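Below is one structure, written out as structure tokens, with a few remarks after it.
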Amino acid sequence: MRILFVTQIVPYPPHGGVLQRGFNLLRELGREHDVHLLAFHHPDELPNGEPVERSRVELGKFCKHLEYFDLWPKKSKLHKLVAFAAGAVYPKPFSELAHRNAALARRLTELCNGPNPPDLVHLDTIALAPYREFCGRVPCVLAHHNIESQLMARRADFETSAAARWYVASQTRKLVEFEKKYSANFPLNIVVSDADGETLQRLCPGARTAAIPNGVDTDYFTARDGAETAVAYTGGMNMFANRDAVDWFLDEIWPRLKTLVPETKFFAIGQRPSEKLVAAAAKDPNVLAPGFVD
Numbered sequence: 006m007r008i009l010f011v012t013q014i015v016p017y018p019p020h021g022g023v024l025q026r027g028f029n030l031l032r033e034l035g036r037e038h039d040v041h042l043l044a045f046h047h048p049d050e051l052p053n054g055e056p057v058e059r060s061r062v063e064l065g066k067f068c069k070h071l072e073y074f075d076l077w078p079k080k081s082k083l084h085k086l087v088a089f090a091a092g093a094v095y096p097k098p099f100s101e102l103a104h105r106n107a108a109l110a111r112r113l114t115e116l117c118n119g120p121n122p123p124d125l126v127h128l129d130t131i132a133l134a135p136y137r138e139f140c141g142r143v144p145c146v147l148a149h150h151n152i153e154s155q156l157m158a159r160r161a162d163f164e165t166s167a168a169a170r171w172y173v174a175s176q177t178r179k180l181v182e183f184e185k186k187y188s189a190n191f192p193l194n195i196v197v198s199d200a201d202g203e204t205l206q207r208l209c210p211g212a213r214t215a216a217i218p219n220g221v222d223t224d225y226f227t228a229r230d231g232a233e234t235a236v237a238y239t240g241g242m243n244m245f246a247n248r249d250a251v252d253w254f255l256d257e258i259w260p261r262l263k264t265l266v267p268e269t270k271f272f273a274i275g276q277r278p279s280e281k282l283v284a285a286a287a288k289d290p291n292v293l294a295p296g297f298v299d
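This is the structure:
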């Protein structure tokens with residue numbers, strides 16, 4: 006098959022989360038299919054120059070074609086401020102506004118309505134769903150790395166400022182309507198778990214879902230002989246859900262675990278540790294927050 010794979014971020018380097026999932030899906034698809042990748046470039050995640058060229062080399066090992074597109078809110082600090090301000094009054098979710106790109110729309114139109122259209126278009130997040138209108142008669146599937154409205158609703162409960170709570174609650178309402186509208190229009194919605202599939206079906210009765218679970222490289226994460234007793238968490242804590250998970254572990258699990266196995270250590274590995282984690286690491290020598298580890 007010829008697969009056109011459209012993503013919200015260049016899936017390289019595959020250090021976790023959406024990057025790791027996207028990278029590995031592309032690698033497996035590339036074994037048997039011709040894959041054409043269209044991806045938004047985040048310069049704060051993948052700097053211009055050598056890192057971008059390296060990504061092209063590595064992804065080119067299993068993608069026949071690669072094209073990168075600008076994410077306009079990340080062009081400058083001013084663009085980012087304008088985007089967030091516009092997001093407050095824009096009728097659709099901020100994520101959809103951020104991913105509006107005329108060049109990508111034109112390219113999809115060219116590829117899907119040309120002499121050799123793809124057999125399938127994969128849109129890799131709900132924010133990209135509106136691009137389906139440029140795909141002609143080519144079948145499209147929509148992927149959900151999270152149920153974004155659910156994630157946003159949980160975040161709203163933890164915002165401390167009234168302005169932030171209002172903004173996040175507003176985005177939650179917009180995402181609910183957006184997910185309802187677009188999920189129903191795709192023949193298949195790919196989710197990462199059965200639980201997410203059930204949540205999406207409650208939001209959008211009749212939506213067809215299929216779960217492709219995230220995996221774990223058990224060889225990589227197997228403890229070495231003689232390794233110390235430890236629990237390791239890996240994941241960037243710049244994401245609210247990850248930060249909340251680590252904070253919950255520190256409150257609910259870590260005290261019990263220390264009682265049962267006093268010598269155990271907890272490694273929370275990932276960028277931007279929370280204030281709670283930093284404070285715990287300062288007080289408890291068995292809690293370690295090394296930050297990002299390559």
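Its first residue numbered 6, the sequence shown is counted upward by one per residue in our numbering.
For each residue, glycine too, the CB sits at the ideal point set by N, CA and C.
Predicted model only: the values in this text are computed from it and were never measured.
For T269, DSSP assigns no beta-bridge partner whatsoever.
By DSSP's assignment, H70 forms a beta bridge with H41. If you draw a straight line from the Cα of R142 to the Cα of R7, it is about 14 angstroms long. In the three-state reduction of the DSSP assignment, T214 falls in the strand class. Contact check between the region 84 to 101 and the region 127 to 137: three or more CB pairs, one atom from each, fall below 8 angstroms, which counts as touching. Taking 8 angstroms as the cut-off, the Cβ atoms of N291 and T264 do not count as close.
Where F245 is concerned, the enclosing alpha helix (DSSP H) starts and stops at F245 to W253. Beta bridge pairing from DSSP links F10 with L42 and H127. Counting other Cβ atoms within 10 Å of its Cβ, N194 reaches 16 or more and is therefore classed as buried. V197 sits close to H150, with the two beta carbons spaced by under 8 angstroms. Bounds of the beta strand (DSSP E) holding L147 are C145 to H149. In the DSSP assignment, I195 is bridged to A148 and A215. Put simply, the backbone Cα of P144 is about 5 angstroms away from that of L125. Between F28 and Y17, the gap from beta carbon to beta carbon is short of 8 angstroms.
R261 and L255 have their C-alpha atoms roughly 10 angstroms apart.
The beta carbon of Y136 lies closer than 8 angstroms to those of V11, L109, A110, L113 and L128 in the same chain, with the five residues before and after it left out. Note on geometry: alpha-carbon atoms of K288 and D249 lie some 20 angstroms from one another.
Per DSSP, the beta bridge partners of A237 are F272. Per DSSP, the beta-bridge partners of D75 are H46.
With respect to A273, Y238 sits close: the two C-beta atoms are nearer than 8 angstroms.
According to the DSSP assignment, G21 belongs to no alpha helix (DSSP H), since it is labelled neither H nor E. Annotation note: the region 82 to 128 contains the following uninterrupted alpha helix (DSSP H) runs of length 4 or greater, listed N- to C-terminal: 82 to 94, 99 to 103 and 107 to 117.
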